[in-house]
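Chains as they are written, first to last, in the working numbering: chain A, 730 to 1014; chain X, 599 to 910.
For reference, the structure discussed in these notes is given below.
The following block contains the structure:
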């Protein structure tokens, strides 16, 4: 099989074309950028103060001023959802970083190590994998205290096996490639081998997993906050907003509709992004 | 036979590491666990007696061995709040959770298999597009939000289904079904969208195989090719995914029970976390993790029996 080499500009053009012609990837990318810009905007601007109560505006249904309506204390739901989006993205980023870092280390150690190391690490990972994320997170917050930091760490830890397994399997297939044999015979140091030969060859499946993990982490945090074990008041995480809304379901249904819709849109963005990345990184595409 | 034994052995190791992890989570509490459970203003004699009861003065390894042998005998410890064995408390609230889990799985399979097949057969047609898009939407919706929406429509406005009550299976079958249909529907619909995608892609993969072409050229009926040949061969990924889905449905019940105020394991778990009844929390966490391991083990064993290629 003949191998073609492209200039950097050519590679860029081809990548751009691939993204441009892949509909779901394009939508996913747009939604994720939208979520990111809402998060950045929320740092210095929200239409109303998300924590300021105003009893005069209680239970205002969606209007031009309050486009998502207001809650039982007259707080603007749209501003609160903006903060909620920021919390969701923070949870996604921190827990994914934890899962990715430890997953990479454990996966590479297992993939390049001797059989016994591989076996022990993978069995521990199997044990951790057996815990549904939410259950593990509940265990952690029940012991270490109910707050968003413990929740993020727990959601991160529970996803380590997913990353570790994927990295390990990728490393194992690369182990048999000729360039590794060549590197070994040249006596290249372990770390250089990892950074120069292994990592560049596994980043594509990792990026797919990273974006799908964002979706997963955001859904898990929403569930955890919904039962009151994630974000604590007065911080408005999207799951918590849904929990608080349930008391007023009949009186103010908009409180139950918008936060859920926003969770779905955020998750849709990351999940389309991950599907799309999976397609374009697949050589058969 | 040896492959079954090998799989059982790795299953045992996984069970062992599950117990290790659940033991250590609850025993690496910073500070004195007895004081944390009882609260900082508890008096010393109560703390000391709890320390003795929980065996906190022995080294960690000995405590693990004692705890593990207890688990093997079905002894999950004693609840601090209820003063009853944890196994007894768990078994009392098990029925609603198990009912919802199974009904959800059935709903999920009943919806996803026909839709996935339909979508694969009509590949790239409008039907396929509609099914793919709706399953994509289903994947991203949090199940508890769907639960809230269903509750809003069917319990609040239409008042068809009850809210916040659970009827035992033994007492009245129809009331039982009515009390769990909405929670099961919210979990089942979400899980069916994941499964539909798996059924579809597994079918599409198999439709390209040579044996399908052979079957076609032999002049077999289309329905026979689809339901007998392709369906059998696509079962394995579907089965794997259904096993994984069962695990996520169990976790989902924990939340959905809180949406519908159903007195199952989820309510018990949340209540115990709030009351710091750690033995109960530990018991439920371990119970769910072990169920997950055993379900996956069974799925794997079925694979090994069904597909000789995996036995190597």
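In this text, a Cβ means the ideal position worked out from N, Cα and C, and glycines have one as well.
- Each residue's CA atom was taken as its position, placing residue 795 (chain X) and residue 969 (chain A) some 30 Å apart.
- Only 754 from the segment 753-784 of chain X bring a Cβ to less than 8 Å from some Cβ of chain A.
- If you draw a straight line from the Cα of residue 788 (chain X) to the Cα of residue 862 (chain A), it is about 17 Å long.
- Every alpha helix (DSSP H) of 4 residues or more that sits fully in the segment 736-824 of chain X is shown, in chain order, as 741-748, 771-805 and 808-815.
- Using a CB distance cut-off of 8 Å, residue 700 (chain X) does not count as an interface residue toward chain A.
- The residue from X:895, X:870, X:849 and X:600 with its alpha-carbon nearest to that of residue 860 (chain A) is X:849.
- Contact between residue 616 (chain X) and residue 887 (chain X) is confirmed by a C-beta separation of about 5 Å, below the 8 Å threshold.
- Cβ-Cβ distances below 6 Å link residue 824 (chain A) to 881, 884, 885 and 946 in the same chain, with the five nearest sequence neighbours on each side left out; the list follows chain order.
- Annotation note: the segment 654-711 of chain X contains the following uninterrupted alpha helix (DSSP H) runs of length 4 or greater, listed N- to C-terminal: 658-670 and 684-690.
- The distance from the Cβ of residue 800 (chain X) to that of residue 832 (chain X) is about 4 Å, consistent with a contact at the 8 Å cut-off.
- A straight line joining the alpha-carbon of residue 751 (chain A) with that of residue 871 (chain A) spans about 44 Å.
- At the C-beta level, residue 736 (chain X) and residue 798 (chain X) stay beyond 8 Å of one another.
- The continuous alpha helix (DSSP H) containing residue 892 (chain A) extends over residues 889-904.
- DSSP, read as helix, strand or coil, puts residue 825 (chain A) in helix.
- Put simply, the backbone Cα of residue 953 (chain A) is about 25 Å away from that of residue 781 (chain A).
- Under the three-state reduction of DSSP output, residue 851 (chain X) falls in the helix class.
- One finds nothing in chain A with a Cβ atom closer than 9 Å to the Cβ of residue 897 (chain X); even the nearest lies about 13 Å away.
- Under the Cβ distance rule, residue 648 (chain X) does not count among the residues neighbouring chain A, no pair being separated by less than 8 Å.
- Residue state for residue 890 (chain X) is assigned as helix, using DSSP reduced to three classes.
- Our two residues, residue 975 (chain A) and residue 746 (chain X), have alpha carbons roughly 8 Å apart in a direct line.
- Residues of chain A with a Cβ closer than 7 Å to the Cβ of residue 848 (chain X) are, in chain order, 861.
- In the three-state reduction of the DSSP assignment, residue 786 (chain A) falls in the helix class.
- Just so you know, the alpha carbons of residue 632 (chain X) and residue 648 (chain X) end up roughly 6 Å apart.
- Shown here for residue 792 (chain A): same chain residues with a beta carbon closer than 8 Å to its own, the five before and five after excluded, namely 798 in chain order.
- The straight-line gap separating the alpha-carbon atoms of residue 980 (chain A) and residue 904 (chain X) is approximately 55 Å.
- With fewer than 16 other beta carbons inside 10 angstroms of its own, residue 843 (chain A) counts as exposed.
- The bridge partners DSSP lists for residue 799 (chain A) are A:805.
- Among the residues of the segment 984-997 of chain A, those with a Cβ less than 9 Å away from any Cβ of chain X are 985, 986, 988, 989, 990, 992, 993, 994, 995, 996 and 997, in the order of the chain.
- Boundaries of the alpha helix (DSSP H) around residue 872 (chain X): 863-872.
- Distance check between residue 781 (chain X) and each of X:771, X:759, X:770 and X:769 places X:759 closest, using alpha-carbon atoms only.
- Secondary structure at residue 775 (chain A): coil, using DSSP grouped into helix, strand and coil.
- A distance below 8 Å between beta-carbons, with the five flanking residues on each side excluded, links residue 735 (chain A) to the following residues of its chain, in chain order: 743.
- Note that the segment 680-700 of chain X touches the segment 876-887 of chain X; at least 3 beta-carbon pairs, one per stretch, sit closer than 8 Å.
- When the alpha-carbon of residue 760 (chain A) is set against those of A:738, A:1011 and A:991, the nearest one is in A:991.
- With fewer than 16 other beta carbons inside 10 angstroms of its own, residue 610 (chain X) counts as exposed.
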